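Worksheet: one structure, shown below.
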Amino acid sequence: MKILFVCTGNTCRSPMAEVILKHKQVDNVEVRSAGIYAMPNAHMSAHAQQVLNEAQMSHQHLATQLSFAEIEWADLILTMTSAHKDTVISNYPGSEYKVYTLKEYTNEGSLENVVDPYGGNKAIYEATFAELKELIDQLIKKIEKN
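Under the numbering used here, the residue at position 109 of the sequence shown is numbered 125, and the numbers go up by one with no gaps.
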């Protein structure tokens, strides 16, 4: 299964989700991340990198702009917010059958969003990391069940 995480700039939430899932080393799962409005080759935010390093999940990351190639590559596209989901569906016709928010997919249709830590202090990034880690654990259970 090929999973694509999507957020706004691909410097905070989606790369953290990508790294967490990669770190879990789930069989037959490939993972990437991209941003709807990413500045290609931008580095991951300093706080996001620091939180990952402290969890022994260090990872080199450069932002990727969402593209048709990424959409076509993915079997499952998980966005951080409902606005991201709506943007993906409207900009990439035919993707609607495989696009969900992360919380919608893991929490039986939840309409909540993953909080955006961008511009916040390290504590906000730590909270977002903890939230993503829990959601990724739920995602893995769902994948393994299916």
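Ideal placement from N, C-alpha and C gives every residue a C-beta, glycine not left out.
Keep in mind that this is a model prediction, so the values were computed, not measured.
query: Cα-Cα separation between His39 and Val115, rounded to whole angstroms; result: 23 Å
query: Bounding residues of the alpha helix (DSSP H) (the contiguous stretch that carries Glu46); result: Not the alpha helix (DSSP H): Glu46 falls in the beta strand (DSSP E), residues Glu46 to Gly51.
query: Distance, Ser98 Cα to Glu128 Cα; result: 8 Å
query: DSSP beta-bridge partners of Leu94; result: Phe21 and Tyr116
query: Length of the line joining the Cα atoms of Asp43 and Lys18; result: 11 Å
query: Gln81 in three-state terms, based on DSSP; result: strand
query: Spatial distance of Ala85 from Cys28 (CA atoms); result: 22 Å
query: Residue interval of the alpha helix (DSSP H) (run including Ala33); result: Arg29 to Lys40
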